[in-house]
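Reading through the structure tokens given below for one structure.
There are 4 protein chains.
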Amino acid sequence: MSKKTNDNKYWVGVDLGGTKMLVTLLDQSFQPCGRKRKKTRGQRGKEAGLSRMIDSIGETLEDGGVAPDQIAGIGVGCPGPLDLDSGIVLDMPNLGWKNTPVRERLEKAFGCPAVVMNDVDAGVYGEYRFGAARDVRCAIGVFPGTGIGGGCVYEGRVLRGKTGSCMEIGHVPVDPQGALCGCGQQGCLEAMASRLAISSAAVAAAYRGEAPNLLAAAGTDLSNIRSGALAASVKAGDKVVERILRDAARLIGWTCAGVVNMLAPDCLVLGGGLVEALPDLFREEVDRSVRARVMPAYRDAFEVVVAKLGDDATAVGAAAWAEHSQK
Amino acid sequence: MSKKTNDNKYWVGVDLGGTKMLVTLLDQSFQPCGRKRKKTRGQRGKEAGLSRMIDSIGETLEDGGVAPDQIAGIGVGCPGPLDLDSGIVLDMPNLGWKNTPVRERLEKAFGCPAVVMNDVDAGVYGEYRFGAARDVRCAIGVFPGTGIGGGCVYEGRVLRGKTGSCMEIGHVPVDPQGALCGCGQQGCLEAMASRLAISSAAVAAAYRGEAPNLLAAAGTDLSNIRSGALAASVKAGDKVVERILRDAARLIGWTCAGVVNMLAPDCLVLGGGLVEALPDLFREEVDRSVRARVMPAYRDAFEVVVAKLGDDATAVGAAAWAEHSQK
Amino acid sequence: MSKKTNDNKYWVGVDLGGTKMLVTLLDQSFQPCGRKRKKTRGQRGKEAGLSRMIDSIGETLEDGGVAPDQIAGIGVGCPGPLDLDSGIVLDMPNLGWKNTPVRERLEKAFGCPAVVMNDVDAGVYGEYRFGAARDVRCAIGVFPGTGIGGGCVYEGRVLRGKTGSCMEIGHVPVDPQGALCGCGQQGCLEAMASRLAISSAAVAAAYRGEAPNLLAAAGTDLSNIRSGALAASVKAGDKVVERILRDAARLIGWTCAGVVNMLAPDCLVLGGGLVEALPDLFREEVDRSVRARVMPAYRDAFEVVVAKLGDDATAVGAAAWAEHSQK
Amino acid sequence: MSKKTNDNKYWVGVDLGGTKMLVTLLDQSFQPCGRKRKKTRGQRGKEAGLSRMIDSIGETLEDGGVAPDQIAGIGVGCPGPLDLDSGIVLDMPNLGWKNTPVRERLEKAFGCPAVVMNDVDAGVYGEYRFGAARDVRCAIGVFPGTGIGGGCVYEGRVLRGKTGSCMEIGHVPVDPQGALCGCGQQGCLEAMASRLAISSAAVAAAYRGEAPNLLAAAGTDLSNIRSGALAASVKAGDKVVERILRDAARLIGWTCAGVVNMLAPDCLVLGGGLVEALPDLFREEVDRSVRARVMPAYRDAFEVVVAKLGDDATAVGAAAWAEHSQK
């Protein structure tokens, strides 16, 4: 952690998830100098949730010995649909939030500008500013988890939709006969290659007796088949689980080939818990398959890298985007 | 149950599964007149298993007041790979059987001819002789379970391979991007539309919160998502589970269209536990989709029916095939 | 040609196409001992066509010095839909034939039994009796031309539908996004891998400048891109045309994998003009792809061979089937 | 055409194709006030081609009574790969151009700034500035021709790659079993749904006798099956050709659904000769299919429109981009 002086300016980044929130305090060069992780306790409702977030920021500042007027800005990354311009969270069911004016409340509470953005966008922006895709002209992030999130930093700016975020790479259609997706469509990339899709295939393999280590360690309950369990199963020698993972990574690569052909990025950043648990497998397979499927002219025009910032990416990226928004 | 007299001839059918066996005693007109269901207790090994089967048949005869010399023949249906001509079970891992001379042992024990055949073939033959596909020129059976079994009765005979059974409709390739199959290939029909594949998709939907009734009733453990749980979930209103089932049935129909175009059957028989739990859903969707995808000349040339014999189908069919083999 | 004596019995085979007919005279061991090839002159109508066929047979006998009462039977292979039992050709638009009693007319004219059958079935039966699939338990023929014809000889008999032929392997659905098929469906095998589909892709490659030899030799008129032109283009070094052919052969193999999984044949016979023009390419690619996609248990259980009888296959096979039908 | 006065400033746009070039003179408000269309005569080589372009611009000015010093800028749209920053055409084989410094030569010849850009990008930018996608936040253009070109105007700027253009929507992978593409990959959108792919399928239908009007009017030579012939065939009642076109439009829509999910455009602009010949068919099918396949949240968030500027789009767009580049 970097040293602090009174004349420093600080930034605050918040990674607000359905069940947990992470508040990170950052110094002028965006080095973390304080962190607080809390459960969201969403069942207590909207006002309680807003207060909890504000209190957590307050405590983080206090712990770090930073006064509110030393804060230059606050950035919040969260998964729900947003109105980016007003900083309103349109819907976060886990928190009981509908049309919640997060930006306004934070600005009132701390007297500094705040931004609210998509968490994956924040993560990709974090990697662009401080991580694996530093300062490239065009970076595209792909984060397989329960779904598959995507984000794009193009010439220094996060690509966005009219009112909310965009780059829903998880919902690119890849297979007209494919699995049902959470979005209601069939054969979206994330219905076939997200961590959840992988776990669902792995649990079927365990059930058939083809993944003995996974079966022994995690049984056939899908809720137990998380990134760590998958990585451990591969390490223990479950060849079928490894193949399921590689097939999924290959499908991600196949889809990314279309994205590369359209956006000509310099860098594809793979991130999220599953990629962090199996970085080499994902980097290798995605790299190989995207390069094999891309237009020949683009074959050597981009890199495939693994995210570097880990759990900090969203909070750091959101804070950095708060800074960018003040320029 | 029909009345028995001493001059009657009887047949015995055995449905030998990995965990359970069903012995059925049948009169001259193949009406069941005795039944015994037992666990296989496979962990006790080959000799114990053979004895257990022979003892079960003996007890069934005794209960029915039938002497061994009244038995005209014995038919056994079982899932493992077989040598049909010699009646040797090549491999049933659950029973610890390798190259087990089932036919020879039964013939020795009861002094009558025996046949050993694939269990799905037996079920389809049963439906052909006494059930939903009675006496048609060509019947094709499709039974979705852990895999998807298939069988064909063509002009009175069960189609077969050189040494073993055939009609592996569950392993017809349907999707080059599809899920990994238990056979080691990718995108086989059964990897996408078997009860196991359906359960695996349903448990993912439950995990995402899209199948509240299934989640409440069965949780996220794949082992709990059996035919009854799926049917109950649909009945309780889980629209996403219904859609997963209909999508699977449609894919079965799409694949059957190719089979109809090749074998021009008069009758497609759908069977197995899941079809029995949701007969209308499966009949409707398969009927609609196979008719929509078949060559126009075949559109009205076949029926789609649901199996009628239920749990008896394999035992009855195997016994009837024993009779046919003596002609 | 074999020597003839008066006590010999002879057979006649007819390959009746839309524009040409081939009459072959065969001795007792089915060695050809006379041939006549004529245009059908279909525009002259049904009666003229029947007379033309009868006259051609008569001339072939005369040329061979064989009297009508030396003919043991006549077999006709033709492409249109048939009523096999009555030997009625239901529809051959090129000949203006509807419900034409070919069998009856031939039996009346020559006083011997006649059979009418599908031309591909006849070809496969010919290969089974005298060619590349001699005496195997189960042979499946795949003949890519304008469409893709299929046939199956199973334990000595040609598999058939209720009234007509079956084994429409060309209409197995392979790609839900695939090309429109002549049958009105989408993505049938023949819409993607027939000689016509290949030619259509090759002419597009020629148009784009990627097949210079084909372009120079045959231009961009689809009617000129026949088997010989494709083979010459490959030989001259048009890599793109070779790749189109190999992709098509691979798709045939992928589809055949499903057929092998269902019918467990001993032998896949590839035939037709295009295969004859490029036998090694087709045998290699189909062999490789079907073996790569079949269930592991079947991987080494069958052969892929190229038809041997060439233009004679249908006529010889139909005559041999006439013999078989008298047993 | 607008009136000109000496104090007006003018712009020049050039649409440089492989076989033709179109020079357009535009007034201050980008109204065309002069046009010249010439063959490129590419076989004469690089210097002759450059001179021919410069001479054509000169003649257009002269015809319009405009002096070179009244020209504010020149924009050139062309299909080959480019270095956008230097305005060098890297490769236009039809013209015999390799690394040709078009921008430098034009700036020298006319003493004003010039830009060189991709022709589809220019067309989409033209539609954004003056046509069907006027002033929207994000417009994506899809132009099916020999290939399928794409372009995106995002917040007033044309999205671009590191050195050249991007948005190769024609090379998004859509079908792993699909047709070979000109780029060397398999199953790209343009290999399945470009005008060339459509023509190739239509000519096969004509060959099979399923498109009698097309056959009568254009025969089976692919070179004759251009946009007008396809439109006339549909109008004359060739149902199969109409279906091929609708299937292609539907596949374009399916692919655009992924693009909408990623870039959240306000407007999809369909253009090019084939769309202009059948505007309702394409607009309807693409609209329906993209809306049916997009994420529910985006279903009503965009329009599908047909380009309005016709043949002028590229020249006008390139000139307007020249203006934008001077800001």
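Chains as they are written, first to last, in my numbering: chain A, 406 to 732; chain B, 406 to 732; chain C, 406 to 732; chain D, 406 to 732. Idealized CB from N, CA, C, for every residue including glycine.
Check                                                                                                            : Outcome
Terminal residues of the alpha helix (DSSP H) in which C/Cys661 lies                                             : Lys644 to Leu668
C/Ser491 burial status per 10 Å Cβ neighbour count (16 or more: buried)                                          : exposed
Opposing strand residues paired with C/Pro437 [DSSP bridges]                                                     : C/Leu431
Reference D/Cys588, options A/Pro670, A/Asn666, A/Leu650 and A/Glu681, closest by Cα                             : A/Asn666
Contact with chain A by B/Val645, beta-carbon distance below 8 Å                                                 : yes
Which of helix, strand or coil DSSP assigns to C/Thr719                                                          : helix
Simplified DSSP assignment, three categories, for C/Glu560                                                       : coil
Proximity below 8 Å, CB of A/Leu679 to CB of A/Val547                                                            : no
Beta-carbon proximity list for C/Tyr559, same chain, < 6 Å, skipping 5 on both sides                             : Cys543
Straight-line gap, A/Arg655 to A/Cys593 (C-alpha atoms, nearest Å)                                               : 14 Å
Alpha-carbon spacing of D/Thr429 relative to D/Ala720, whole angstroms                                           : 6 Å
Helix, strand or coil at A/Gly480 [DSSP, three-state]                                                            : strand
According to DSSP, residues forming a beta bridge with D/Ile574                                                  : In the DSSP output, where bridge partners are listed per residue, D/Ile574 has none listed.
Contained alpha helix (DSSP H) runs [length at least 4] in the region 481-554 of chain D, N- to C-terminal order : 507-515 and 524-535
Beta-carbon separation (whole angstroms), A/Ala727 vs A/Pro518, contact threshold 8 Å                            : 7 Å
Minimum Cβ-Cβ distance from B/Glu595 to chain C less than 8 Å                                                    : no
Listed by chain order, chain C residues near D/Gln590 by CB distance under 9 Å                                   : Simply none; closest approach about 11 Å.
Pairwise C-alpha distance: B/Leu619 and B/Leu650                                                                 : 13 Å
Residues bridged to C/Glu708 [DSSP beta-bridge criterion]                                                        : C/Cys672
Cutoff 8 Å: C/Asn666 Cβ touching any chain B Cβ                                                                  : yes
Simplified DSSP state of B/Met597, which is helix, strand or coil                                                : helix
Same chain, Cβ closer than 6 Å to C/Thr660, neighbours up to 5 away in sequence not counted                      : Val577, Val579 and Leu594
Pair within 8 Å by beta-carbon distance, A/Tyr415 and A/Ile476                                                   : yes
Under 9 Å by beta carbon: chain A residues contacting D/Pro701                                                   : Cys588, Gly589 and Gln590
C/Leu489 versus B/Gly658 - alpha carbon distance                                                                 : 28 Å
Neighbour flag for C/Gly422 against chain D, beta carbons, 8 Å                                                   : no
C-beta atoms of D/Val525 and D/Gly556 nearer than 8 Å                                                            : yes
Spatially closest choice to A/Glu615 from A/Asp717, A/Arg446, A/Thr505 and A/Gly642, by CA coordinates           : A/Gly642
Reduced DSSP secondary structure (H/G/I, E/B, other) of B/Asp626                                                 : strand
DSSP state of D/Met458 mapped onto helix, strand, coil                                                           : helix
Cβ pair C/Lys536, C/Gly501 closer than 8 Å                                                                       : First, the amino acid is wrong: residue 536 of chain C is Gly here, not Lys. Going by C-beta atoms, C/Gly536 is not nearer than 8 Å to C/Gly501.
C-beta contact flag for B/Gly583 and B/Gly554 at 8 Å                                                             : no
Distance between beta carbons of A/Ala653 and A/Ala602, contact taken as under 8 Å                               : 7 Å
B/Val709 versus B/Ala606, B/Asn629, B/Val664 and B/Leu431, residue with shortest Cα-Cα distance                  : B/Val664
Residue burial classification, C/Ala669 (beta-carbon count within 10 angstroms, cutoff 16)                       : buried
Whole-angstrom distance between D/Ile493 and D/Asn504, CA atom to CA atom                                        : 6 Å
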